[in-house]
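Peer 1: Here you go, one structure.
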Amino acid sequence: MPLAREESSPLFAGTAAGTLRLIFYLAMAMVLMVLDHRNGWLWRMRYATSIVIEPVYRLASLPSEGLRAASVAFADRRMLTDQNQQLREDLLLANAKLNRMQAVAQQNQRLKELLDTQRSLNLRVQMARVIGIDFGAYSHRMMINAGARDGVKTGQPVIDSHGVMGQVIDVLPNSSTVMLVTDPDHAIPVVDARTGLRTVAYGSRAGDQLTLPNIPIAQDVQVGDKLLTSGLGGRFPEGFPVGEIRSVAPSATGMFLEAHAIPSADLDRTDEVLILHDLAEPAGPPPPSPSAGPPSDEAPAPASSAPKVPLPSSFKPASPASTGVPQT
Numbered sequence: 001m002p003l004a005r006e007e008s009s010p011l012f013a014g015t016a017a018g019t020l021r022l023i024f025y026l027a028m029a030m031v032l033m034v035l036d037h038r039n040g041w042l043w044r045m046r047y048a049t050s051i052v053i054e055p056v057y058r059l060a061s062l063p064s065e066g067l068r069a070a071s072v073a074f075a076d077r078r079m080l081t082d083q084n085q086q087l088r089e090d091l092l093l094a095n096a097k098l099n100r101m102q103a104v105a106q107q108n109q110r111l112k113e114l115l116d117t118q119r120s121l122n123l124r125v126q127m128a129r130v131i132g133i134d135f136g137a138y139s140h141r142m143m144i145n146a147g148a149r150d151g152v153k154t155g156q157p158v159i160d161s162h163g164v165m166g167q168v169i170d171v172l173p174n175s176s177t178v179m180l181v182t183d184p185d186h187a188i189p190v191v192d193a194r195t196g197l198r199t200v201a202y203g204s205r206a207g208d209q210l211t212l213p214n215i216p217i218a219q220d221v222q223v224g225d226k227l228l229t230s231g232l233g234g235r236f237p238e239g240f241p242v243g244e245i246r247s248v249a250p251s252a253t254g255m256f257l258e259a260h261a262i263p264s265a266d267l268d269r270t271d272e273v274l275i276l277h278d279l280a281e282p283a284g285p286p287p288p289s290p291s292a293g294p295p296s297d298e299a300p301a302p303a304s305s306a307p308k309v310p311l312p313s314s315f316k317p318a319s320p321a322s323t324g325v326p327q328t
């Protein structure tokens, strides 16, 4: 459809003036292209005008660049926050694992000490784990996870890698109760490793010490002396560490010395213990002899059972002739 005259472009008008204008524009374009190709004038012009136009471009792009920078900053901040939170969680987990490894290392060290103790003593022992402990005002006891089904019996000594802990007083099928050496009702025969003095160490209500109340006042007992089991009584084998004396003072009556000692065993920190199966030989006075006296009338004793009185070597029996008894 042909365009109307008033809508047609004046550059391509069908008149002679329009044709001359088109030829002029084409000639000028050809000249500019030749000059630009040979001398680079247009490039120089563009370079010069860019100095003025470039700030306008930058000013126009500031809003978009600001939005982009804000979004990047927000994304980076969120990413850094997430990374920081993840690092904190990893650090807490690493610390927990490290603490667990330290606890396992300490447990392995305690088990190694127990095994070394068993090998050095060459005794029949049984390992058990502490499942409960009670340091009350009137009783110091703990419970272990070995009972009658494991061969535990009442009276067996219990030790750790450092010394005597106590003895079994109650046995259940799968657990046992141990009275600690610091229990007020406990007593253990001990000997001073330095002087050889034998005495008895009693528990106390303090919970962390032993009391030796009946030491002769003339005995040499000093702070730092080691107390060992003496083996008397047949309950605890001889030579196990019991405690170390920390204080010595005259008793209230002034007739004895009273010493206080701390236990050698870790009563409140041990998790594994050893139960001794080899008990000491009973040591003490011999059993009383059967009562002696005249025979009863209902059951007269035979002549052969009468006690024989030893005769001196110079004694000789008299002959029948000298006694006047006729011979038969």
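For the sequence shown, counting from 1, position 309 maps to 309 in UniProt numbering; every step adds exactly one. Glycine is no exception: its CB is placed at the ideal position from the N, C-alpha and C atoms. Everything numeric in this text was worked out from a predicted model, so none of it was measured.
Starting from the C-beta of residue 214, find all residues in its chain whose C-beta is less than 6 Å away, skip the five residues before and the five after it, and write them out in chain order.
Peer 2: 256
Peer 1: On a Cα-Cα basis, can you pick out the residue from 177, 161, 125 that is closest to residue 139?
Peer 2: Of all alpha-carbon atoms in 177, 161, 125, the one lying nearest the alpha-carbon of residue 139 is that of 177.
Peer 1: At which residue ranges does the stretch 91-179 contain complete beta strand (DSSP E) runs of 3 or more residues, listed in the order of the chain?
Peer 2: Assignment of beta strand (DSSP E) within the stretch 91-179, counting only whole runs of 3 or more residues, yields 125-135, 140-144, 157-159, 164-171 in chain order.
Peer 1: Pick helix, strand or coil for residue 31, following the three-state DSSP scheme.
Peer 2: Three-state result, residue 31: helix.
Peer 1: Helix, strand or coil: how does DSSP classify residue 196 here?
Peer 2: The answer is coil: DSSP assigns residue 196 none of H, G, I, E or B.
Peer 1: On the three-state DSSP scale, how would you describe residue 87?
Peer 2: helix
Peer 1: Assign residue 257 to one of three DSSP states: helix, strand, or coil.
Peer 2: DSSP places residue 257 in the strand class (E or B) of the three-state scheme.
Peer 1: Would you give the residue range spanned by the beta strand (DSSP E) that residue 243 belongs to?
Peer 2: 241-250
Peer 1: I need the DSSP call for residue 20, collapsed to helix, strand or coil.
Peer 2: helix
Peer 1: With distances taken between CB atoms, is the gap from residue 158 to residue 171 smaller than 7 Å?
Peer 2: Judged by their CB atoms, residue 158 and residue 171 are not nearer to each other than the 7 Å cut-off.
Peer 1: Can you check which of these residues, 241, 221, 220, is closest to residue 230 by C-alpha distance?
Peer 2: 241
Peer 1: Kindly indicate the opening and closing residues of the beta strand (DSSP E) around residue 273.
Peer 2: 272-276
Peer 1: Ends of the beta strand (DSSP E) at residue 215?
Peer 2: 210-216
Peer 1: Check whether the Cβ of residue 273 sits closer than 6 Å to any heavy atom of the ligand NAD, and report yes or no.
Peer 2: Summarising the ligand content, the structure contains no ligands, and the ligand NAD is consequently not present.
Peer 1: Could you have a look at residue 15 and say whether DSSP puts it in helix, strand or coil?
Peer 2: In this structure, residue 15 counts as coil in the three-state DSSP scheme.
Peer 1: Considering Cα atoms alone, identify which of 198, 168, 239 is closest to residue 275.
Peer 2: 168
Peer 1: On the premise that residue 190 lies in contact with residue 206, defined as a C-beta separation below 8 Å, what is that separation, rounded to the nearest angstrom?
Peer 2: Actually they do not touch by this definition, with Cβ atoms about 18 Å apart.
Peer 1: Could you say which of 144, 136, 64 lies nearest to residue 129 if we only look at CA atoms?
Peer 2: 144
Peer 1: Would residue 227 be called buried (16 or more neighbouring beta carbons within 10 Å of its own) or exposed?
Peer 2: Buried.
Peer 1: Output the distance between the C-alpha atoms of residue 28 and residue 35, rounded to the nearest integer angstrom.
Peer 2: If you draw a straight line from the Cα of residue 28 to the Cα of residue 35, it comes to about 10 Å.
Peer 1: Identify the residues that DSSP records as bridge partners of residue 229: which are they?
Peer 2: Residue 229 has 190 as its beta-bridge partners, per DSSP.
Peer 1: Between the beta-carbon of residue 262 and the beta-carbon of residue 243, is there less than 7 Å?
Peer 2: yes
Peer 1: Please report the straight-line C-alpha distance between residue 235 and residue 106, rounded to a whole angstrom.
Peer 2: Their Cα atoms are separated by approximately 31 Å.
Peer 1: How many angstroms separate the CA atom of residue 26 from the CA atom of residue 79?
Peer 2: 60 Å
Peer 1: State the Cα-Cα distance for the pair residue 156 and residue 223, rounded to the nearest angstrom.
Peer 2: 30 Å
Peer 1: Determine which residues share a DSSP beta bridge with residue 263 and list them.
Peer 2: 243
Peer 1: Does the beta-carbon of residue 245 have 16 or more other beta-carbons within 10 angstroms, so that it is buried, or is it exposed?
Peer 2: Buried, because 16 or more other Cβ atoms sit within 10 Å of the Cβ of residue 245.
Peer 1: Does the separation of the CB atoms of residue 209 and residue 260 fall below 7 Å?
Peer 2: yes
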